[in-house]
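For the sequence shown, this note's numbering assigns the number 1 to the initial residue and increments by one for each residue that follows. Even glycine gets a Cβ: it sits at the ideal position worked out from N, Cα and C. To start, the structure under review is shown below, and the notes come after it.
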Amino acid sequence: MEIGVIQKGWKGRTHIGIVYPNDYYIGMSNLAIHALYDLINADETIVAERIFLDSNGSIESKRRLHEFDLILFSFSFETDYLNIPALLRGETPLLRKERSKTPVLMAGGAAVTLNPYALSEIFDCIAVGEAECMIEEIKAAAREGSRDDILRRLAQHPSIIVPDIKEGYKERAWARDIDTIPISTVIWSEKTEFGHMHLVEASRGCPFRCRFCATPCIYSPYRARGREALEKAIARGLKVRRQIGIIGSDILRHGEYIELASSLAREGIGVSFSSIRVDGITRETAHLIAECGQNRIALGIEAGREEMRYKIGKRISNEKILEAVRNLAEEGITRLKLYFMIGLPEEDEEDIAEIARLSVTIREWVLKYRRSSEMVPEISVVATPFVPKKGTPLEDAPFCSMSTLKKKLSFLRHLVAKIGGVTISGEAPKKAYLEYLLSNGRPD
């Protein structure tokens, strides 16, 4: 059952479809879908409905794609491009040039902002940047009625590409003041990854510039919400959820966020943080994490060898990593998920071996500093292939061959298998290679 669904009559209204190109479980865990749904449905002249890969028509009224005036696709991941044909279900031609009377199809989202031209042969228009800055123009265009008029109106926006009218764009759209846009869960459903939580966006972008990371390219500059705006977004969900998920980068460096989370914890409300930078885990913040009820922490370490970490811009020493582990263990947090990349430029066998060695050391530190001997460490290593992304300093780095990646993963698994109490998982090299091809693709 969903809470917060908006049901509107279709007669006399403009119709906009919001598509997440994957299953409902994944799509409804994405705040972009909630934001689009909320912002568009605030206009009483428009009805916006959600569509997912596994939904038979729209969620709200079972309408098919061809019944909408404008359809917005939000792509967070390049591999979801492969789901486009299944979503169109043969009702709408796949290629832009083969469409004349069907609804206007618009692509946007993080993956599209990184490489706006990869889908230009499929979509009628492409939004580059943050949707909030384009939403009024999108709504106004949808009201134009005819396909040609909608496209002409959209082409006027500096951040929207309309290939049949203009091939380029002037600027990536970004919101100057995110305090005026309280992004949070607006439809609560148990059938999502975070179904028990109310999610709120605390910040956008990242203040750090790791050379492999696409986040600054998509969302720069870094912006953090003020406490009042964040409290307003949190209050929206407290009637239906007693667990808050705070989304953002480097959240625990903000004193007012720490105070707010501590206040919520004292009221019996659980708080989870989506992104915690390793060198930001002090004794104070570790205590806060435990106080908020978060008993498992993900640490983005990225490389086992300190020198490699510095090369890729993740300027965090082994000393800082172990200090964070100690602070967490002393607060009773002994379940750690360690994220590493393999296939980095100039990586050798020693770099892979250092992943295993550092994981062993982390487990030893958890055992040494855990608050109680009854607390069993759970250390899991997640090894994902490095994928060069457009716009990053490492965009021209080579993608490691699949055969080499398989050997490196096998070697790492062999080393980790010797370690008691440490598990390993990771993304398949084939999927990573597919992501690489799609994220760097051109229409030709």
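Worksheet entry | Chain-order list of residues whose beta-carbon lies under 6 Å from that of Lys170 (same chain, five-residue window excluded) | For the purposes of this step, residue 170 is taken as residue 170 along the sequence shown, with counting starting at 1. Same-chain partners within the cutoff: Pro158.
Worksheet item: In terms of residues, what are the limits of the alpha helix (DSSP H) holding Lys337?
Response: Residue 337 sits at position 337 when you count from the first residue of the sequence shown. Run containing Lys337: none in the alpha helix (DSSP H); it sits in the beta strand (DSSP E), Arg335 to Ile342.
Discussion item. On a Cα-Cα basis, can you pick out the residue from Asn440, Leu415, Ser372 and Ser359 that is closest to Pro388?
Written reply: Within the sequence shown, residue 388 is the residue found at index 388, counting from 1. Closest option to Pro388, Cα to Cα, is Asn440.
Worksheet item: Can you name the residues that DSSP bridges to Met106?
Response: Here residue 106 is taken as the residue at index 106 of the sequence shown, counted from 1. According to DSSP, which records beta bridges pairwise, Met106 is partnered with Leu72 and Cys125.
Worksheet item: Can you tell me the Cα-Cα spacing of Ile424 and Leu338, whole angstroms?
Response: One-based indexing of the sequence shown puts residue 424 at position 424. One-based indexing of the sequence shown puts residue 338 at position 338. Distance between the alpha carbons of Ile424 and Leu338: 9 Å.
Worksheet item: With burial defined as no fewer than 16 other Cβ atoms inside 10 Å of the residue's Cβ, what is the status of Gln243: buried or exposed?
Response: As a first step, residue 243 is located in the sequence shown; it is residue number 243 there, counting from the start. With 16 or more Cβ atoms within 10 Å of its Cβ, Gln243 is classed as buried.
Practice prompt. Pull up the distance between the alpha-carbon of Thr282 and that of Ser275, whole angstroms please.
Written response: As a working mapping, residue 282 is identified with position 282 in the sequence shown. As a working mapping, residue 275 is identified with position 275 in the sequence shown. Whole-angstrom Cα-Cα distance: 15 Å.
Discussion item. Quick check on the burial criterion: 16 or more other C-beta atoms within 10 angstroms. Buried or exposed for Glu228?
Written reply: If you number the sequence shown from 1, residue 228 lands on position 228. Under this definition Glu228 is an exposed residue.
Fill in: Whole-angstrom C-beta distance between Ile247 and Leu199, which should lie under 8 Å
For the purposes of this step, residue 199 is taken as residue 199 along the sequence shown, with counting starting at 1. For the purposes of this step, residue 247 is taken as residue 247 along the sequence shown, with counting starting at 1. Indeed they touch by this definition, with Cβ atoms about 6 Å apart.
Practice prompt. Please specify which runs of the alpha helix (DSSP H), each continuous and at least 4 residues long, are wholly inside the region 238-286, giving them in chain order.
Written response: 255-266
Fill in: Distance between Leu82 and Asn22 (C-alpha atoms, nearest Å)
On the sequence shown, residue 22 is found 22 positions in, with the first residue counted as 1. On the sequence shown, residue 82 is found 82 positions in, with the first residue counted as 1. One C-alpha to the other measures close to 10 Å.
Practice prompt. Within its chain, find whatever has a CB closer than 6 Å to the CB of His34; leave out the 5 residues flanking it on each side and keep chain order.
Written response: As a first step, residue 34 must be located in the sequence shown, where it is residue number 34. Within the same chain, His34 has close Cβ partners Thr185 and Val186.
Worksheet item: With a Cβ-Cβ cutoff of 8 Å, do Gly313 and Arg209 count as a contact?
Response: What you label residue 313 is simply residue 313 of the sequence shown in a count that begins at 1. What you label residue 209 is simply residue 209 of the sequence shown in a count that begins at 1. Against a cut-off of 8 Å, the Cβ pair of Arg209 and Gly313 comes out as a contact.
Worksheet item: Helix or strand or just coil, what does DSSP make of Glu190?
Response: In the sequence shown, the residue the question calls residue 190 occupies position 190. Reduced to three states, the DSSP call for Glu190 is coil.
Worksheet item: Would you say Gly421 and Arg363 are within 8 Å of each other, going by their C-beta atoms?
Response: Your numbering for residue 421 matches position 421 in the sequence shown. Your numbering for residue 363 matches position 363 in the sequence shown. Note that the C-beta distance between Gly421 and Arg363 is below 8 Å.
Worksheet item: Is Asp38 buried or exposed, if buried means 16 or more other CB atoms sit within 10 Å of its CB?
Response: Numbered from 1 along the sequence shown, position 38 holds the residue referred to as residue 38. The residue is buried, with at least 16 neighbouring Cβ atoms inside 10 Å.
Worksheet entry | Ser120 Cβ short of 7 Å to the ligand GTP heavy atom set | For the structure depicted, the ligand GTP is absent and the ligand set is empty, with no information on it obtainable.
Discussion item. My parser needs the beta strand (DSSP E) runs of 3 or more residues fully inside the region 370-428; what are they?
Written reply: For the region 370-428, whole beta strand (DSSP E) runs of length 3 or above, ordered along the chain, are 378-385 and 422-426.
Practice prompt. Output the distance between the C-alpha atoms of Tyr436 and Phe386, rounded to the nearest integer angstrom.
Written response: As a working mapping, residue 436 is identified with position 436 in the sequence shown. As a working mapping, residue 386 is identified with position 386 in the sequence shown. So the alpha carbons of these two residues sit roughly 9 Å apart.
Practice prompt. Name, in chain order, the residues that DSSP records as bridge partners for Ala35.
Written response: Reading the sequence shown from its first residue, position 35 is the one you call residue 35. Note: Ala35 sits in no beta bridge, so no partner.
Discussion item. For Met134, tell me which candidate among Thr192, Ser359 and Leu36 has the shortest Cα-Cα distance.
Written reply: Counting from one through the sequence shown, the residue named residue 134 turns up at place 134. Ranking Thr192, Ser359 and Leu36 by Cα distance to Met134 puts Leu36 first.
Practice prompt. Please classify Ala48: does DSSP put it in a helix, a strand, or coil?
Written response: For the purposes of this step, residue 48 is identified with residue 48 of the sequence shown, where counting begins at 1. In this structure, Ala48 counts as strand in the three-state DSSP scheme.
Fill in: Unbroken beta strand (DSSP E) run spanning Ala298, endpoints
Here the question's residue 298 lines up with position 298 in the sequence shown. Where Ala298 is concerned, the enclosing beta strand (DSSP E) stretches over Arg296 to Glu302.
Worksheet entry | Nearest-angstrom Cβ-Cβ length linking Thr79 and Leu367, presumed shorter than 8 Å | Position 79 of the sequence shown, counted from the first residue, corresponds to residue 79. Position 367 of the sequence shown, counted from the first residue, corresponds to residue 367. That belief does not hold up - the Cβ atoms of Thr79 and Leu367 are roughly 38 Å apart, past 8 Å.
Fill in: Closest residue to Gly255 among Lys407, Leu322, Glu354 and Arg225 (Cα-Cα distance)
Mapped onto the sequence shown, residue 255 falls at position 255. Measuring from the Cα of Gly255, the nearest candidate turns out to be Arg225.
Worksheet item: Is it true that the CB of Thr92 sits closer than 8 Å to the CB of His66?
Response: In the sequence shown, the residue the question calls residue 66 occupies position 66. In the sequence shown, the residue the question calls residue 92 occupies position 92. Cβ distance < 8 Å, so His66 and Thr92 count as in contact.
Discussion item. Counting C-beta neighbours from all protein chains within 10 Å, is the total for Glu69 16 or more, i.e. buried, or is it exposed?
Written reply: For the purposes of this step, residue 69 is identified with residue 69 of the sequence shown, where counting begins at 1. It is worth fixing the name first, because residue 69 is Asp in this sequence and not Glu. Asp69 is buried by the Cβ-count criterion.
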